[in-house]
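Enquirer: I am attaching a structure below and will ask some questions about it afterwards.
In the working numbering, the protein residues as written are 2 to 439.
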């Protein structure tokens with residue numbers, strides 16, 4: 002009987018061995034499951050790399066970051082916060098998954114120095130939400146804060162709010178989130194650099210076009226001056242002969258006809274003088290000097306009067322006699338006013354109304370040109386001062402008038418902007434510095 006008991010001891014050892022093997026198999030399964038999850042997460046990292054590598058759109062990059070981060074670490078809230086170069090403050094979040102005061106929490110962390118500490122440590126950290134701990138003993142929330150670096154320079158943080166205990170975060174998860182966030186940071190920086198480059202190129206193009214336009218205006222000025230002299234000389238002969246005929250003739254019917262001829266010849270002479278004055282000022286930069294706004298607008302109106310008369314557009318003037326002089330160059334400023342007058346005329350149907358008003362406001366004269374035209378759509382309004390932007394047909398213009406006007410006003414130390422309402426009209430406001438003799 003004792004010999005039969007020996008196998009039971011062997012069986013017990015075998016059972017222990019089997020149990021140990023089962024534990025190892027289960028452990029292997031768990032490791033395989035974790036490895037599979039890691040592979041999936043690594044694929045997510047690769048997917049984000051492809052996404053951000055193919056996109057320069059800020060919100061597209063950030064949206065991809067938020068979606069893929071959720072696959073690594075489920076979160077309640079999250080966002081990217083940037084520190085502008087040379088600033089001691091944080092920008093508003095570019096993306097906030099769900100607000101609920103999250104931005105305020107992040108700003109408080111910034112004010113308390115928590116984020117600066119994480120940045121100085123140069124590594125991702127899991128920090129408890131102290132406010133949640135105070136509110137309820139059962140509540141446990143943690144912040145995952147990842148400092149963002151681009152070419153060795155800290156540019157902000159990526160932060161998630163997670164409703165899970167600190168012990169459940171694995172090092173692999175934190176590493177993956179850090180990789181995701183910093184890849185996105187590089188893409189964001191590249192996108193911002195591209196935007197900055199585009200803006201610089203836009204300004205350069207505007208400056209180049211302004212130089213080209215100035216050269217054209219100088220050439221046109223010389224041509225107009227020559228033509229003006231050629232027209233003015235025979236015109237003076239006509240006027241002098243008409244006046245002699247008026248003295249010699251006694252017949253009322255003939256005198257009435259001569260008065261009409263004299264009136265229109267004098268009008269032609271005035272238009273020629275205005276054109277010559279405009280061309281001479283446009284062909285030479287000259288020094289900034291005191292200018293009368295009334296005279297600038299009157300001369301500009303005379304150059305485009307025909308267009309307003311043809312469409313029977315009424316011009317209402319509200320310019321106080323006491324309006325201060327402005328500091329500037331008459332030629333370029335008249336070019337601005339001519340552009341604004343023509344734009345208003347083209348925007349209105351027949352029998353429209355253009356109201357020109359002015360007032361002194363602190364150190365500026367503020368002029369408004371309000372038309373009763375078709376108005377400008379809100380999505381287009383911010384772009385009307387961009388070079389080459391136009392809603393006109395190709396044969397009607399190249400979209401440089403308002404851009405050049407913007408450059409001229411800026412060069413004078415002023416400002417120009419627009420407001421509009423569809424179906425009611427557009428108002429262009431021009432601010433020019435008041436002339437100071439001192």
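We treat Cβ as the ideally placed atom computed from N, Cα and C, and that holds for glycine.
Indicate whether residue 123 and residue 155 have their beta-carbon atoms separated by less than 9 Å.
Expert: Their beta carbons are under 9 Å apart, which means residue 123 touches residue 155 by this criterion.
Enquirer: In this structure, does DSSP put residue 408 in helix, strand or coil?
Expert: In the structure shown, residue 408 sits in a helix (DSSP, three-state: H, G or I).
Enquirer: Report yes if the CB atom of residue 488 is closer than 9 Å to the CB atom of residue 163, and no otherwise.
Expert: Because residue 488 is not part of the residues shown, which for the chain are 2 to 439, the question remains open.
Enquirer: Could you say if the region 343-352 and the region 304-318 meet the contact criterion of at least three C-beta pairs nearer than 8 Å?
Expert: The region 343-352 vs the region 304-318: in contact.
Enquirer: Looking at the unbroken beta strand (DSSP E) that takes in residue 159, where does it start and where does it end?
Expert: Run containing residue 159: 154-163, per the beta strand (DSSP E) assignment.
Enquirer: Compare the Cα-Cα distances from residue 67 to each of 57, 58, 79, 59 and report the closest residue.
Expert: Of the candidates 57, 58, 79, 59, the one whose C-alpha sits nearest the C-alpha of residue 67 is 79.
Enquirer: Determine the burial state of residue 196: buried for a count of at least 16 other Cβ atoms within 10 Å of its Cβ, exposed for fewer.
Expert: Residue 196 should be labelled exposed.
Enquirer: Taking the C-alpha atoms as reference points, what is the distance between residue 327 and residue 416?
Expert: Cα to Cα, the separation comes out at about 13 Å.
Enquirer: With H, G and I counted as helix, E and B as strand and the rest as coil, what does DSSP make of residue 349?
Expert: If DSSP states are grouped into helix, strand and coil, residue 349 belongs with coil.
Enquirer: Among 413, 383, 371, whose alpha-carbon lies nearest the alpha-carbon of residue 426?
Expert: If we check each option's Cα against that of residue 426, 371 comes out closest.
Enquirer: Tell whether a beta-carbon distance below 9 Å holds between residue 264 and residue 247.
Expert: No.
Enquirer: Under a three-way DSSP split, which group does residue 141 fall into?
Expert: DSSP places residue 141 in coil when its eight states are reduced to three.
Enquirer: Buried or exposed: where does residue 188 fall if 16 or more other Cβ atoms within 10 Å of its Cβ makes it buried?
Expert: Label assigned to residue 188: buried.
Enquirer: Please confirm whether residue 432 and residue 338 have their CB atoms less than 9 Å apart.
Expert: No, they are not a contact pair.
Enquirer: Going straight from the alpha carbon of residue 256 to that of residue 209, what length do you get?
Expert: The alpha-carbon atoms of residue 256 and residue 209 are separated by roughly 55 Å.
Enquirer: For residue 288, tell me which candidate among 412, 108, 430 has the shortest Cα-Cα distance.
Expert: Looking at the Cα atoms, 412 is the closest of the given residues.
Enquirer: Given this structure, state the Cα-to-Cα distance separating residue 193 from residue 183, to the nearest angstrom.
Expert: C-alpha separation (whole angstroms): 15 Å.
Enquirer: According to the neighbour-count rule (16 or more other Cβ atoms, all chains shown, within 10 Å of its Cβ), is residue 185 buried or exposed?
Expert: With 16 or more Cβ atoms within 10 Å of its Cβ, residue 185 is classed as buried.
Enquirer: If you draw a straight line from the C-alpha of residue 346 to the C-alpha of residue 244, how long is it?
Expert: Each residue's Cα considered, the two are about 37 Å apart.
Enquirer: What are the complete beta strand (DSSP E) segments, minimum 3 residues, inside the region 315-367?
Expert: Listed in chain order, the complete beta strand (DSSP E) runs (minimum 3 residues) inside the region 315-367 are 315-319, 327-329, 354-362.
Enquirer: State the DSSP-derived secondary structure class of residue 79, mapped to helix, strand or coil.
Expert: Residue state, collapsed to three classes: strand.
Enquirer: Please state whether the Cβ-Cβ distance between residue 421 and residue 376 is less than 9 Å.
Expert: Yes; because the gap between Cβ atoms is below 9 Å, this pair is in contact.
Enquirer: Do you know whose CA, among 387, 363, 424, lies nearest residue 201's CA?
Expert: For the residues 387, 363, 424, the minimum Cα distance to residue 201 belongs to 387.
Enquirer: Considering residue 68, what are the terminal residues of the alpha helix (DSSP H) in which it resides?
Expert: Residue 68 -> alpha helix (DSSP H) spans 59-73.
Enquirer: I'd like the list of long-range same chain contacts for residue 252, defined as Cβ closer than 8 Å, with 5 residues on each side in sequence excluded.
Expert: So the list is empty, once near-sequence residues are dropped.
Enquirer: If you follow the alpha helix (DSSP H) that residue 300 is part of, which residue opens it and which one closes it?
Expert: It spans 294-311 - the alpha helix (DSSP H) in which residue 300 sits, taken as one unbroken run.
Enquirer: Going by the beta-carbon positions, is the gap between residue 175 and residue 159 smaller than 9 Å?
Expert: It is not a contact, given that the beta carbons lie outside the stated cut-off.
Enquirer: Using the three-state DSSP reduction, which class does residue 423 fall into: helix, strand or coil?
Expert: Residue 423: coil per DSSP, three-state reduction.
Enquirer: In this structure, what does DSSP give as the bridge partners for residue 369?
Expert: DSSP output for residue 369 lists 358, 430 as bridge partner(s).
Enquirer: For residue 169, count the other beta carbons within 10 Å of its own beta carbon; 16 or more makes it buried, fewer makes it exposed. Which is it?
Expert: When all chains shown are included, residue 169 counts as exposed.
Enquirer: Exposed or buried, which one is residue 336 when buried takes at least 16 other CB atoms within 10 Å?
Expert: When all chains shown are included, residue 336 counts as buried.
Enquirer: Considering only the alpha carbon of each residue, which of 205, 69, 63 lies closest to residue 404?
Expert: With distances taken between Cα atoms, residue 404 lies closest to 205.
Enquirer: Can you name the start and end residues of the beta strand (DSSP E) that residue 128 belongs to?
Expert: Per DSSP, residue 128 belongs to the beta strand (DSSP E) from 126-129.
Enquirer: Can you round the beta-carbon distance between residue 325 and residue 435 to whole angstroms, since I take them to be within the 8 Å contact cut?
Expert: About 5 Å; that satisfies the 8 Å criterion.
Enquirer: Is DSSP giving residue 150 helix, strand or coil here?
Expert: Strand at residue 150.
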